[in-house]
Amino acid sequence: MNATAVAAVVAQAAPLVACLTILLLLRRRPGLAAGVAIASLVVATVATAFLVAQVAVPNTSSVSQAVWLPIEAGPGLAFGVLLDALSTSMALVVAVITLLVMIYSLGYMRGDPGFARYFGFLALFAWAMLGLVLASNLLQTLVFWELVGLASFLLIGFWFERPEPAAAARKAFIMTRVGDVGFLLGVLLLISSLGNATIPDLLAAAPRLEGGFVTTVAALLLMGVIGKSAQGPLFTWLPDAMEGPTPVSALLHSATMVAAGVYLVARLNGLFMQAHAVMTALLWISVITALASATMAMVSEDIKRVLAYSSISQLAYMLMALAAGSVAAGFFHLVTHAGFKALLFLASGVLIHHAHSNEMRTIAAQGGAPRSGRIGLMAGSLALAGIVPFAGYFSKEAVLAALGEHAGPVALALAYAGAGLTAYYSFRMVFLTLRGSPAKPAGHEAASMAAPVLALSALTLVLGWLGGWFATRLSPDLEHHGALAIGAGPLTALTLAALGILLAWREYGAAAAARVGFVERMPRLRAFFADNWYLDRVYRATFVRATDALSTAARWHDHTILDGASDGLALGTVKSGRVLALLQTGYVQLYVATFMSVVAALAVWLFVGWMR
25 MNATAVAAVV AQAAPLVACL TILLLLRRRP GLAAGVAIAS LVVATVATAF
75 LVAQVAVPNT SSVSQAVWLP IEAGPGLAFG VLLDALSTSM ALVVAVITLL
125 VMIYSLGYMR GDPGFARYFG FLALFAWAML GLVLASNLLQ TLVFWELVGL
175 ASFLLIGFWF ERPEPAAAAR KAFIMTRVGD VGFLLGVLLL ISSLGNATIP
225 DLLAAAPRLE GGFVTTVAAL LLMGVIGKSA QGPLFTWLPD AMEGPTPVSA
275 LLHSATMVAA GVYLVARLNG LFMQAHAVMT ALLWISVITA LASATMAMVS
325 EDIKRVLAYS SISQLAYMLM ALAAGSVAAG FFHLVTHAGF KALLFLASGV
375 LIHHAHSNEM RTIAAQGGAP RSGRIGLMAG SLALAGIVPF AGYFSKEAVL
425 AALGEHAGPV ALALAYAGAG LTAYYSFRMV FLTLRGSPAK PAGHEAASMA
475 APVLALSALT LVLGWLGGWF ATRLSPDLEH HGALAIGAGP LTALTLAALG
525 ILLAWREYGA AAAARVGFVE RMPRLRAFFA DNWYLDRVYR ATFVRATDAL
575 STAARWHDHT ILDGASDGLA LGTVKSGRVL ALLQTGYVQL YVATFMSVVA
625 ALAVWLFVGW MR
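Counting from 1 along the sequence shown, just add 24 to a position and that's the residue number in my numbering.
Have a look at this one:
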């Protein structure tokens, strides 16, 4: 193997070794466990940075793989790494965000009885996500796709002793599995048609595949994308997943797990673009999801749930860009979102840690918010709202530009409306959390928590200016977004963002504000938005009720028919034995009399038969 392949293997192996070491040997050594996990991510970060530097030529890729299980009738089962601009950039994002979350967790999770287990699960997740990103073929992608789901289940349900996290973990696991059924079928169809081909070979063969087959495969793969990236209608698991530790929310719902679906569409873009009907469906699913999740964020009182809804919305913008044919715009927004959304979650964690509550009004009432939490929340909200010069402005403009060129005026108008709502709910969150609190000295937070927040705050001012760099690495369609672009599109988005912020200020931020939003003045509409557009009610009334009925029928059949038959046979045997036991009296005279009676009866029967 060459140096880049070795670096890719090292990047994946380091978290795996750390995970096994922690879970098998260091469960009772929490400090050492954290050190091993962080060291493994330092190694992974350095290795992925080396890969980014080495893979500098656009539109080129290299595959290094070994056959794990030879099969005479086919190419066998191979595992390896695919190194190109997309995979190496995504791997670096995963490694950096995971490293910062681990450092932050030193302070946030201090004293937790599951401290070592927590870092073991983080390392497991990092290994699974890096394996998914660098996978060279579909079978390998499928394996790591499921491992990501397993690791997220363990992290969301980390506090499994409490009923809410345990239920949230089950819900996330089940809802993403619904999508994964389609993903599995799509992968199996492709493997049956092309063999366990490398992804570049698959993309090269995509234009030659029959149209109906490509559409079917793309639709099945899209099911997995919708489940993993929390798009309509399979997004209600993500707000509930906020029951996990806040650093877990930052990791899973900024750049890693939920972005896996976005990455898959970008990775297999050449295949998806052959299925025009599927990409049109993806565009409209994303547009509707972006607007729906924005309305839910507008009425939520829990700061983490606001950020969860915003994650759903921003993932939808990434998928809009990909559906419009711009891999560079979608991936650029993925990267900037990774930075500012991790920042928002970690900053909110500082505030939650200080106030011991997720409720924004309670955090404000507590007062004395730590400085890093206030800075991080403001910087992240400006980026989320798309305010120049923060990162979200540049990447969102790239998405809107792609929609303007390829998606049509209706989708573009709805995307602009979503951008205005994003600014509104972002600063509703800021004003509810930081305004109106009693004047108190700023609280103190652990340096391990403050440092990642401040680093990400600075990063949100840098990432946005890398659009040109992404363009040269991925495609030329983003080149003009490398620096500040002034035109009708950016001015429209900025105007809508400013109006959203102004409305939030008027309702929540001003000294005379009633701190009640315009939606909250309409109780029925507010209830509709707050209850996830009643989607969970629909699921409970249909799928959950049907599943309960089916399980009840299966239980009755199992207990009444199957258990009844086996238990009845056993009971009949016991009762027969008891009846026969009555003959065992212990009196020899009775035994002799019974024997003679049987012999006499037999003799009579034989005599009668002989006489005939």
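Idealized CB from N, CA, C, for every residue including glycine.
Is it right to say residue i is buried, meaning 16 or more other beta carbons lie within 10 angstroms of its own, or is it exposed?
i, result
"His-361", "buried"
"Ala-230", "buried"
"Leu-367", "buried"
"Glu-188", "exposed"
"Ala-340", "buried"
"Lys-195", "buried"
"Met-473", "buried"
"Pro-433", "exposed"
"Pro-514", "buried"
"Val-632", "exposed"
"Pro-137", "exposed"
"Tyr-558", "exposed"
Under 8 Å, do residue i and residue j count as touching if we go by C-beta distance?
i, j, result
"Ala-348", "Ala-431", "yes"
"Gly-444", "Leu-523", "yes"
"Leu-156", "Gly-210", "no"
"Leu-213", "Val-289", "no"
"Phe-182", "Val-272", "yes"
"Ile-376", "Thr-270", "yes"
"Ala-435", "Ala-353", "no"
"Ala-42", "Thr-72", "no"
"Ala-393", "Val-477", "no"
"Val-66", "Leu-123", "yes"
"Leu-276", "Leu-130", "no"
"Ala-152", "Val-118", "no"
"Ser-575", "Thr-446", "no"
Could you check the C-alpha separation between residue i and residue j for me, to the nearest Å?
i, j, result
"Ala-471", "Ala-68", "23 Å"
"Thr-457", "Gln-298", "46 Å"
"Phe-139", "Ala-57", "8 Å"
"Arg-550", "Leu-162", "44 Å"
"Leu-227", "Ser-176", "29 Å"
"Leu-358", "Ala-345", "11 Å"
"Ala-63", "Leu-487", "25 Å"
"Val-622", "Gly-601", "21 Å"
"Phe-567", "Pro-263", "20 Å"
"Gly-256", "Ile-309", "6 Å"
"Val-612", "Ala-605", "15 Å"
"Val-33", "Leu-75", "11 Å"
"Asp-587", "Met-546", "55 Å"
"Thr-240", "Gly-533", "50 Å"
"Val-637", "Glu-531", "Since the first and last residues shown for the chain are 25 and 636, residue 637 lies out of range."
"Asp-225", "Phe-207", "19 Å"
"Gly-203", "Phe-197", "10 Å"
Which residues bound the beta strand (DSSP E) around residue i?
i, result
"Thr-538", "The sequence given here places Ala at residue 538; Thr does not occur at that position. Note, Ala-538: premise wrong, no beta strand (DSSP E); not H, not E."
"Ala-471", "First-last for Ala-471: 471-486, but that is the alpha helix (DSSP H), not the beta strand (DSSP E)."
"Leu-258", "Note, Leu-258: premise wrong, no beta strand (DSSP E); not H, not E."
CB-CB under 7 Å to residue i, same chain, minus the five flanking residues each way: which ones, in chain order?
i, result
"Ala-379", "Thr-386, Ile-387, Gln-390"
"Gly-442", "Ala-314, Leu-315, Ala-318, Ser-337"
"Ala-159", "Leu-106, Thr-165, Phe-168"
"Ile-665", "Residue 665 lies beyond the stretch modelled for the chain, which goes from 25 to 636, so this question has no answer here."
"Leu-306", "Leu-246, Leu-343, Ala-347"
"Ala-38", "Ser-64, Val-67, Ala-68"
Taking the alpha helix (DSSP H) that residue i belongs to, which residues open and close that run?
i, result
"Tyr-588", "Residue 588 is actually Gly in this sequence, not Tyr. First-last of the alpha helix (DSSP H) with Gly-588: 587-605."
"Ala-102", "Note, Ala-102: premise wrong, no alpha helix (DSSP H); beta strand (DSSP E) at 101-108."
"Ile-336", "327-347"
"Gly-404", "395-409"
"Met-620", "612-635"
"Asn-293", "293-296"
"Gln-36", "27-49"
"Met-546", "Segment: none, Met-546 is in no alpha helix (DSSP H) and carries neither H nor E."
"Val-282", "Where Val-282 is concerned, there is no enclosing alpha helix (DSSP H), given that its DSSP letter is neither H nor E."
"Phe-74", "54-78"
"Tyr-449", "433-458"
"Gln-164", "162-180"
Here's a check: name, in chain order, each residue in its chain whose Cβ is nearer than 8 Å to the Cβ of residue i, leaving out the five neighbours to either side.
i, result
"Met-199", "Gly-251, Leu-258, Thr-260, Trp-261"
"Tyr-440", "Leu-424, Thr-516, Ala-517, Leu-520"
"Ser-13", "Since the first residue shown for the chain is 25 and the last is 636, residue 13 is missing from the structure and cannot be characterised."
"Glu-383", "Glu-325, Asp-326, Ile-327"
"Arg-201", "Gly-173, Gly-251"
"Gly-268", "Leu-179, Ile-180, Gly-181, Phe-182, Trp-183, Pro-189, Ala-192, Ala-193, Leu-276"
Does any residue of chain D have a CB that is nearer than 8 Å to the CB of residue i?
i, result
"Val-118", "As a matter of chain content, chain D is missing from the structure shown, which is built from one protein chain."
Given residue i, which residues of its chain have a CB within under 6 Å of its CB, disregarding the five upstream and five downstream residues?
i, result
"Tyr-448", "Gly-524, Leu-527, Ala-528"
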